[in-house]
Amino acid sequence: METLDSIAKATSSPPTFFDGVKDCIPTLLGYISIGIAMGIVGSSSGLSIFKILLLSIFVYAGAAQFIICAMIAASSPISAIVLTTFIVNLRHLLLSSAIAPMFTAYSLRKNIAFGSLLTDESFGVAIVKAAKNYPINDKWMNGLNVTAYIVWIFSCTLGGYLGGWFPNPEILGFDYALTAMFIALLILQLQSIEHTKLKHYLLLMLLMMICTLIFSAFISSSLAVIISTIIVATVGVVTDK
Amino acid sequence: MNTSLEFLLLLAGCTIVTLLPRVLPFILVRNFTISKPIEKWLSYIPICIFTGLIVESLFTKTTSGLAANWTVLAAAIPTCLIAIITRSLLTTVLVGVFSMALIRSFF
Chain C
494 METLDSIAKA
504 TSSPPTFFDG
514 VKDCIPTLLG
524 YISIGIAMGI
534 VGSSSGLSIF
544 KILLLSIFVY
554 AGAAQFIICA
564 MIAASSPISA
574 IVLTTFIVNL
584 RHLLLSSAIA
594 PMFTAYSLRK
604 NIAFGSLLTD
614 ESFGVAIVKA
624 AKNYPINDKW
634 MNGLNVTAYI
644 VWIFSCTLGG
654 YLGGWFPNPE
664 ILGFDYALTA
674 MFIALLILQL
684 QSIEHTKLKH
694 YLLLMLLMMI
704 CTLIFSAFIS
714 SSLAVIISTI
724 IVATVGVVTD
734 K
Chain A
23 MNTSLEFLLL
33 LAGCTIVTLL
43 PRVLPFILVR
53 NFTISKPIEK
63 WLSYIPICIF
73 TGLIVESLFT
83 KTTSGLAANW
93 TVLAAAIPTC
103 LIAIITRSLL
113 TTVLVGVFSM
123 ALIRSFF
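Protein sequence lines correspond, in order, to chains C and A.
Using the working numbering, the letters of the first sequence correspond one by one to residues 494 to 734.
Using the working numbering, the letters of the second sequence correspond one by one to residues 23 to 129.
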């Protein structure tokens, strides 16, 4: 099994598309289980398999697709669904901003492709790699992104098929895969930080928890995460020595 | 969603609002040089967002305030330990899902 420690060894030749595919594998269980769950929810919201397929091709965002299905089932107006989707996905603005500076050497067309396929997970894998001085390039990034994209579309569609006769997917614990992945990405990120800065980061995480909880009481939790991130990252800059 | 036209409108709207936040920074960053403080600020984003997303999944909003998702909180403990020990994404996700399935079978 590849651990992220073995990255350091592979510094001689530039990473290939296939290296990106390989680095995507640890995240696939998350995409598959969430994708299947999404397809099942979509089908129970009355969406045809074709519509589920279209959603996963064009929207390609787990949390947003769940919310779209729930709001369709609740007969919400289109404007409300689009606005909610925007809020839920607004965090990508921050993720993209954090990762885009690594790719300025590539063409605009390639950059649009990187951005279009950015997910929490692909961002997490890339940023952990970058923190360990792995030479990220366009081929690697495409391998990572395209693998996730194809697996996601396939999983959602499969979920749509299973929708009719599969029991509640929650019982197996698969819906927790996403949280488990976020925990892993956070800890891997922390382990790449210099030891002298660890205390600073842990305090920022504590502040982030408090902020998210407080804001969640008043606004949607998606907005709470975005606003808290903006505040805490600013506190991070100000308190950094 | 009664008609196909309505669905297509919805799909187009959701596609645009999902694509814009993802792609815009990749386009804009090419025309600006990022100053040191902004670079520093961006370096805190991953830790903050992931912490926020984890907190978001640990609690559910109810009419009377926030309620803890106890099963998720319980499963988070072995998940953290495995992540620290193994430093492997795949192992962490597998052990996490297995712990959750185990916890749910008892409660």
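Glycine residues also receive a C-beta, built at the ideal position from the N, C-alpha and C atoms.
- Look at the stretch 518-536 of chain C: the residues with a C-beta under 8 Å from a C-beta of chain A are I518, P519, T520, L522, G523, S526.
- Neighbourhood of A/W63 in chain C, by CB distance below 8 Å: A726, T727, G729, V730, in chain order.
- Straight across, the Cα-Cα distance linking C/A673 with C/Y524 is about 12 Å.
- Here C/P508 is buried: its Cβ has 16 or more other Cβ atoms, across all protein chains shown, within 10 Å.
- Using a 10 angstroms sphere on the CB of C/K734, the tally of other CB atoms stays under 16, which defines it as exposed.
- Out of A/S127, A/L80, A/L42, the CA that lies nearest to the CA of C/S709 is found in A/L80.
- The DSSP-derived three-state label of C/G535 is helix.
- At the C-beta level, C/T520 and C/E614 come within 7 Å of one another.
- Scanning its chain for C-beta atoms nearer than 7 Å, with the 5 sequence neighbours on each side dropped, one finds around C/D512 the residues W633, G636, in chain order.
- Using beta-carbon distances, C/M698 counts as an interface residue toward chain A, with a partner under 7 Å.
- Sorting C/A567, C/I720, C/S536, C/P570 by C-alpha distance to the C-alpha of C/L586 places C/I720 at the top.
- Per the coordinates, the alpha-carbon of C/V552 lies some 25 Å from the alpha-carbon of C/G666.
- Taking 7 Å as the cut-off, the beta carbon of C/T640 is found no closer than this to the beta carbon of C/L546.
- Secondary structure of A/T25 (DSSP, three-state): coil.
- If you compare the alpha carbons of C/S572, C/T732, C/V718, C/S541 with that of C/L696, the shortest gap goes to C/T732.
- Residue-level contact by beta carbon holds for A/T37 and chain C, with a gap shorter than 7 Å.
- When Cβ-Cβ separations below 7 Å define contact, A/P100 makes no contact with chain C.
- Here the C-alpha atom of C/Y669 lies approximately 22 Å from the C-alpha atom of C/T578.
- As the crow flies, the alpha-carbon of C/K515 is around 13 Å from that of C/A619.
- Taking C-beta separations shorter than 6 Å and ignoring five residues to either side along the sequence, the partners of C/S538 in its chain run C562, I565, A566, following chain order.
- The residues A97, T101, in chain order, have a CB closer than 7 Å to that of A/G118 in the same chain once the five nearest residues on each side in sequence are set aside.
- Rounded to the nearest whole angstrom, the CA to CA distance from A/L41 to C/V725 is 25 Å.
- Listed in chain order, the non-local C-beta contacts of C/L588 below 8 Å within the same chain comprise L611, D613, F616, local neighbours out to five positions each way being set aside.
- Neighbours of C/A557 across chain A, judged by C-beta separation under 8 Å: C36, T40.
- For the pair C/G656 and C/I533, the CB atoms are nearer than the 7 Å cut-off.
- Non-local C-beta neighbours of C/T705 in its own chain, meaning closer than 7 Å and more than five positions away in sequence, comprise A717, V718, S721, ordered along the chain.
- Boundaries of the beta strand (DSSP E) harbouring A/L88: 87-90, taken from the DSSP string.
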